[in-house]
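Undergrad:
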Amino acid sequence: MNNSDMLLILLGLPVASAVVLAFVGDRKFAPEINISGSAATFIAGIALAIEVYMHGPMLAGGKFFFVDAFNIYLAVLTSFVSVTTALFSRRYMRREREHGRVGQVGMRFYHAMFQLFIFAMLLCLLTNNVGILWISMELATLTTVLLVSLYRTPTAIEAAWKYFILCGVGIAQALFGTVLLYFAAEKVLGEGGDALLWTNLSRVSGQLEPTILSLAFVFLMVGYGTKVGLVPLHNWLPDAHSEGPTPISAVLSGLLLNIALYALVRCKVLVDGSTQTHYAGDIMMVFGILSILVAAFSILRQKDIKRMFSYSSIEHMGIATFAFGLGGPIATFGALLHMLMHSLTKSAIFFTAGHASQMHRTQEMDKIRGLFKGKPLVGWGLMLGVMALAGLPPFGIFTSEFLILTATIQEAPLWTPFLLLGLAVAFAALFRAVQPMVSGDVPDYQKPLKVAHLPVILHMTIVLIIGLYIPDFLNQWFKTAVELLK
Amino acid sequence: MDISLETAARITSFIAALVLITSFAMLAQKRIYGLIHLFAWQGLFLALNTAVVGYIADKHHLFISSLLTLGLKVFLLPYILYVLIKRLNIRKDVETIVNMPTTMLIGIGLVIFSYHLTAPVRELSTLMTRSTLTIALATVMIGLLMMITRRNAVTQIIGFLAMENGLFFTATSATYGMPLVVELGVALDVLIAAFIFGIFFFHISTTFDSLDVGQMARLKEDEMNE
Amino acid sequence: MNINPYIIEFLQVAVVIGLAPAFVGWIRMLKCWFQGRTTAGLFQPYRDLRKLFSKEIVLAHNASWIFRFTPYLLFGTAVLAGAIIPILSIDLPLAATADVIVLIALFAIARFFLALAGMDIGTAFGGMGSSREMMIASLAEPAMLMAIFTVSLANKSTSLAEIVQVINSGQMMLRPSLAFAFIAFILITLAETGRIPVDNPATHLELTMIHEAMILEYSGRHLALVEWASMMKLYLFVSLAIAVFTPWGIAVKGSLAGLPAAIGFMIAKLGIAGLIIVLIETGLAKMRIFRVPDFLGVAFLMATLGMLSFFILD
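Residue numbers (our numbering), protein chains in the order written: chain R, 1 to 486; chain A, 1001 to 1226; chain B, 2001 to 2314.
Written out as structure tokens, the structure is:
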């Protein structure tokens, strides 16, 4: 089997599943198809990863696709989280259906769009064409817009509308940046599709006109930064992540933000190559720190559990953006690890938060009580998840944040206090909110539920293992990626 | 027929001026049907411009883009909007948040801003369409302004589509169009977006009884405050 | 064969004074046709003027010298402007005395005195008309200047003769900046000369009139001069637009052969201009006074866009 076939299978599987699910609709076995589709995608992803691990980066499909250490790890992560989310959503969505929050059409739609969304993200990661990168990013937005408004409540529609409009506006700026990029590339590479291929661009990035690339980066930063949810472009994020169904919140927070950051970092590499300065990095650091601080203080004020964790996503994306902006091997390594860890932790937390709010039939944190006693797995899942999220050892986020902090102290000591302040406030805010939810007596309105254990346990175990020691292959992988992003 | 480059540049500049007029007219327009017509006109000018550039620069893929623009932005999207407005009984006038003269002044400011922003590109470009790049960016900015200053969901969408027009125009004037595969992909995205906002209009109007986005203020931070 | 430019100058002034009422008559005729009424003929304005000249003047006893002086001033400035604008020929000896900006100032002086005269008697209508006139002026003049500046920039001169010469040579085809300025100028012309949709020249309805309110107290010879001056103003604005934006056919140097052709072109263009004005007037309703700022805002916007597109596109 050659490389192109493998990629085609990887990308084809979600599309095929989406088509099948669109026909299957609300039948009983639809969730199982969803799970197996995702699982097949995951296996294809693993196979591709092994291929890349053994033989190094590859081009496929007439240079249309490009796989290297940076995107393949995100692709595997994406397909993995899609499996666990599908597992989680089986029971969760069935229950929402019983509660009457989703109808028959809604379920059909949900499953098909979920798979299409996975496809859009994988395409975004694997494409070699900067234009297609933009298109698939927009596609990922479009597929999730209607999922956010799945419940048809006024707030859900409002959130989805905001998401649609603000991300549409943001991503339009990124297209402008892409046009400028093409403008600069055309001068060096000649006209035609080849001038938009990332591999070609990175090869000649030293010859690209710096003024144009600097200008382009501002637009790309605003565009993809909106999708990353960086302050001050973050307005849509808490709404969209909190009003949609929980599995969607999990993938939005855990995966889509990563993908947007991936796009931004790819562009940054080109700009750095052209300008030979720290210009792009500086912009990213400012956005990053701003996001960390604003999000940390916003966590303090939240009453809605999913909203609070959405702000925490902004904070963590801020940390990763800051670290990528800082540059250097340690910070970049930390940022890559952070993306992985945050993705796993955040989706696990959304799973438990979804269970908790389903048990209490509300997302208000004031009403969620006594999880330790009522449902220990949910309670401990939430508690440990928050511990991981706040950066306590022995979890993986501690490792990544530690690396980033070390690099900051070495390279940009002036930024350290802000970074520390943000981390400390977020830490305190999260614990203050979670403490009362897990402890205390079980309120009479709490309904015990059968929950999906596996996804949460799986995610948290990985986070824990990586926190204790980073496996050799992962280490190797990240180091290759760091080389790429230098 | 042979057209000199200078004449060609004149023609494209003139069409660019027409696009700019439609942008400002959209800012000023107070009726929804008028807005849709203006949007269709803008699409027509864009298609025309693309065809002219394609003819002069001898880029045949631009003809496809031009036809695509014609079909999508001059006929299909305005038609969809028209049908939706009819079907949903949307109020025919548009409320603005900021008054007209102020909006216009901001619009002029945006044109100047775009002029400065695109200066490095203009200096480096050798294409005859380089001067229209400013107008293209201005169209994007004015579309954005329209989205911000209008409360109605339909007008926000038209602003969004106008922005997309501006981006398309940018691609044509900065680089004689993006590669065809990208252009097609963008068109596909716009088409999907059109269906999504169509569905949205139904949802919004059944849930809120109107398409006034101002009513959507439930998700405010203040309510979450302690 | 050349003729003395002073003769052309004289001829042009005579044409402005003589043809202005006919132009107004033409517009009224067209309007009547459009509305299916019988016309009073092309020469009705002349008959009106003659009638007014033969009537005696009734002066309010508190009228000051401003009130008596204004009609002559209005007429005088109109004649002077008529000598500056290249209507028949570019080669006008008096044109060197003033450029476009002075021309606008001339109109401004006339308007200033008219507004003073409106308030001089102290009647309510006069004051109201003056205040409205000044409001419109304060909005129209910046737009007017902007439009004129755009044209001047494009032609690198503020001298009317030179502008006309450059444009006449055909270098300025398809200039977006000029197109914008032209649209702006049409809108300003409608406002400045008191046409629909800003003011209605045919009404004496108290609530809406502007120009008519200011001259309500005039009678006899004074009224005739004021009316004549305002006819000339309309004629001059239209001629200015024609000269700056579509000067083709104008006599370049004082050649005798070019002159009849120039007169022919002028009459034809004026006829078309009249048609356009009537089309606008029958197509639109007079807008409320509070909407006028919007209208002039559009004019200003167009003029500004013209100036911007000069930098951006030309």
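Backbone N, C-alpha and C define an ideal beta-carbon position, used for all residues, glycine too.
Residues of the segment 1145-1160 of chain A in Cβ contact with chain R at a cutoff of 8 Å, in chain order, please.
TA: Result list: Met1147, Ala1153, Gln1156, Phe1160.
Undergrad: Among Pro394/R, His355/R, Thr461/R, Asp441/R, whose alpha-carbon lies nearest the alpha-carbon of Arg95/R?
TA: As a first step, residue 95/R is located in the first sequence; it is residue number 95 there, counting from the start. If we check each option's Cα against that of Arg95/R, His355/R comes out closest.
Undergrad: By the three-class DSSP mapping on this structure, what secondary structure does Val67/R have?
TA: For the purposes of this step, residue 67/R is taken as residue 67 along the first sequence, with counting starting at 1. Reduced to three states, the DSSP call for Val67/R is strand.
Undergrad: Provide the residue span of the alpha helix (DSSP H) that contains Ala353/R, from first to last.
TA: Reading the first sequence from its first residue, position 353 is the one you call residue 353/R. From DSSP, the alpha helix (DSSP H) with Ala353/R extends over 329-360.
Undergrad: Closer than 9 Å, Cβ to any Cβ of chain E: which residues of the segment 1096-1115 of chain A, in chain order?
TA: The structure shown has no chain E; the protein chains it does contain are R, A and B.
Undergrad: Output yes if chain A places a C-beta closer than 8 Å to the C-beta of Phe2290/B; else output no.
TA: Position 290 of the third sequence, counted from the start, is the residue given in the question as residue 2290/B. No, Phe2290/B lies away from the interface with chain A (no Cβ there is under 8 Å from its Cβ).
Undergrad: I want to see whether chain R comes within less than 8 Å of Asn1225/A, judged by CB atoms only; does it?
TA: For the purposes of this step, residue 1225/A is identified with residue 225 of the second sequence, where counting begins at 1. With a pLDDT of 36 at Asn1225/A, under the threshold of 50, the predicted position of this residue should be treated as unreliable, and no value is reported.
Undergrad: Once the 5 residues before and after Ala1025/A are set aside, which same chain residues still bring their CB inside 6 Å of it?
TA: Your numbering for residue 1025/A matches position 25 in the second sequence. Around Ala1025/A: Leu1038.
Undergrad: Taking CB distances under 8 Å as the criterion, tell me whether Ala1174/A reaches chain R.
TA: Working through the second sequence from its first residue, we reach residue 1174/A at position 174. Output row for Ala1174/A: interface = yes.
Undergrad: So, helix, strand or coil for Arg2195/B, using DSSP?
TA: Position 195 of the third sequence, counted from the start, is the residue given in the question as residue 2195/B. Note: Arg2195/B maps to coil in three-state DSSP.
Undergrad: In three-state terms, what does DSSP make of Leu197/R?
TA: As a first step, residue 197/R is located in the first sequence; it is residue number 197 there, counting from the start. In this structure, Leu197/R counts as strand in the three-state DSSP scheme.
Undergrad: Output, in sequence order along the chain, the residues in the segment 1196-1216 of chain A whose CB is closer than 8 Å to any CB in chain R.
TA: Result list: Ile1196, Phe1197, Ile1199, Phe1200, His1203, Ile1204, Thr1207, Phe1208, Val1213, Met1216.
Undergrad: Just how far apart, CA to CA, sit Glu411/R and Leu1127/A?
TA: Within the first sequence, residue 411/R is the residue found at index 411, counting from 1. Within the second sequence, residue 1127/A is the residue found at index 127, counting from 1. Between Glu411/R and Leu1127/A, the C-alpha separation is close to 43 Å.
Undergrad: Would Leu257/R and Ser214/R be called neighbours here (beta carbons separated by less than 8 Å)?
TA: Your numbering for residue 257/R matches position 257 in the first sequence. Your numbering for residue 214/R matches position 214 in the first sequence. Not a contact, by the Cβ cut-off of 8 Å.
Undergrad: How is the alpha helix (DSSP H) around Met221/R delimited, first residue to last?
TA: Residue mapping note: residue 221/R aligns to position 221 of the first sequence, counting from 1. Its alpha helix (DSSP H) spans residues 210-228.
Undergrad: Measuring CB to CB, does Ser1114/A end up less than 8 Å from Leu1137/A?
TA: Within the second sequence, residue 1114/A is the residue found at index 114, counting from 1. Within the second sequence, residue 1137/A is the residue found at index 137, counting from 1. Yes, they are a contact pair.
Undergrad: Here's the rule I'm using: 16 or more other beta-carbon atoms within 10 Å means buried, otherwise exposed. How should Thr2193/B be labelled?
TA: To locate residue 2193/B, count along the third sequence from 1; it is residue 193. Buried, since its Cβ has 16 or more Cβ neighbours within 10 Å.
Undergrad: Between which two residues does the alpha helix (DSSP H) carrying Leu1044/A extend?
TA: By 1-based counting over the second sequence, the position of residue 1044/A is 44. Residues 1032-1057.
Undergrad: Is there a Cβ from chain R that is less than 8 Å from the Cβ of Ala1057/A?
TA: The residue labelled residue 1057/A in the question sits at position 57 within the second sequence. Ala1057/A does not count as touching chain R.
Undergrad: Would you call the segment 1077-1096 of chain A in contact with the segment 1029-1036 of chain A, where contact means no fewer than 3 C-beta pairs closer than 8 Å?
TA: The answer is yes - the segment 1029-1036 of chain A touches the segment 1077-1096 of chain A, with three or more Cβ pairs under 8 Å.
Undergrad: Out of Leu420/R, Pro245/R, Leu454/R, which one is the CA nearest neighbour of Leu377/R?
TA: Residue numbering aside, residue 377/R sits at position 377 when the first sequence is read from its first letter. Comparing Cα positions, the closest option is Leu454/R.
Undergrad: Along the chain, where does the alpha helix (DSSP H) containing Ala1025/A start, and where does it finish?
TA: As a position in the second sequence, residue 1025/A is number 25, starting the count at 1. Its alpha helix (DSSP H) spans residues 1005-1028.
Undergrad: Could you tell me the boundaries of the alpha helix (DSSP H) in which Met58/R lies?
TA: For the purposes of this step, residue 58/R is identified with residue 58 of the first sequence, where counting begins at 1. That residue, Met58/R, is in no alpha helix (DSSP H); its beta strand (DSSP E) goes 58-60.
Undergrad: Nearest-angstrom Cα distance between Trp415/R and Ile319/R?
TA: Within the first sequence, numbered from 1, the residue matching residue 415/R stands at position 415. Within the first sequence, numbered from 1, the residue matching residue 319/R stands at position 319. Taking the straight line joining both Cα atoms gives about 12 Å.
Undergrad: I'd like the list of long-range same chain contacts for Thr1103/A, defined as Cβ closer than 6 Å, with 5 residues on each side in sequence excluded.
TA: Numbered from 1 along the second sequence, position 103 holds the residue referred to as residue 1103/A. Answer for Thr1103/A: Leu1027, Thr1149, listed in chain order.
Undergrad: Would Val434/R and Val251/R be called neighbours here (beta carbons separated by less than 8 Å)?
TA: In the first sequence, the residue the question calls residue 434/R occupies position 434. In the first sequence, the residue the question calls residue 251/R occupies position 251. Their beta carbons are not under 8 Å apart, which means Val434/R does not touch Val251/R by this criterion.
Undergrad: Does the segment 187-198 of chain R come close enough to the segment 1174-1183 of chain A that 3 or more CB-CB pairs lie under 8 Å?
TA: Cβ pair count under 8 Å is three or more, so yes.
Undergrad: Roughly how far, in whole angstroms, is the beta-carbon of Ile1036/A from the beta-carbon of Leu1081/A, given that I think they are within contact range, below 8 Å?
TA: Here the question's residue 1036/A lines up with position 36 in the second sequence. Here the question's residue 1081/A lines up with position 81 in the second sequence. That pair is a contact at about 5 Å.
Undergrad: Listed in chain order, which residues of the segment 1117-1138 of chain A have Cβ atoms closer than 8 Å to some Cβ of chain R?
TA: Under the 8 Å Cβ criterion, the segment 1117-1138 of chain A contributes Leu1117, Pro1120, Val1121, Leu1124, Ser1125, Leu1137.
Undergrad: I'd like to confirm the pairing. Which residues does DSSP put opposite Ala2251/B in its beta bridges?
TA: Counted from its first residue, the third sequence places residue 2251/B at position 251. Its beta-bridge partners are Ser2089/B.
Undergrad: With distances taken between CB atoms, is the gap from Leu150/R to Gly106/R smaller than 8 Å?
TA: One-based indexing of the first sequence puts residue 150/R at position 150. One-based indexing of the first sequence puts residue 106/R at position 106. In contact: Leu150/R and Gly106/R (Cβ atoms closer than 8 Å).
Undergrad: Would Ala1009/A count as contacting chain R if we go by Cβ distances under 8 Å?
TA: Locating residue 1009/A in the second sequence gives position 9, counting from the first residue. Answer no: the Cβ-Cβ gap between Ala1009/A and chain R never drops below 8 Å.
Undergrad: Does any residue of chain A bring its CB to less than 8 Å from the CB of Gly2297/B?
TA: Numbered from 1 along the third sequence, position 297 holds the residue referred to as residue 2297/B. Yes, its Cβ sits closer than 8 Å to a Cβ of chain A.
Undergrad: Which residues bound the alpha helix (DSSP H) around Glu158/R?
TA: Taking the first residue of the first sequence as 1, we reach residue 158/R at position 158. Looking at the DSSP string, the run of the alpha helix (DSSP H) that includes Glu158/R is 154-189.
Undergrad: By a C-beta neighbour count over all protein chains shown, 10 Å radius and 16 as the cutoff for buried, is Lys2055/B buried or exposed?
TA: Residue mapping note: residue 2055/B aligns to position 55 of the third sequence, counting from 1. So Lys2055/B ends up on the exposed side.
Undergrad: Give a yes or no on whether the C-beta atoms belonging to Asp2120/B and Ser2159/B are separated by under 8 Å.
TA: As a working mapping, residue 2120/B is identified with position 120 in the third sequence. As a working mapping, residue 2159/B is identified with position 159 in the third sequence. Cβ distance not < 8 Å, so Asp2120/B and Ser2159/B don't count as in contact.
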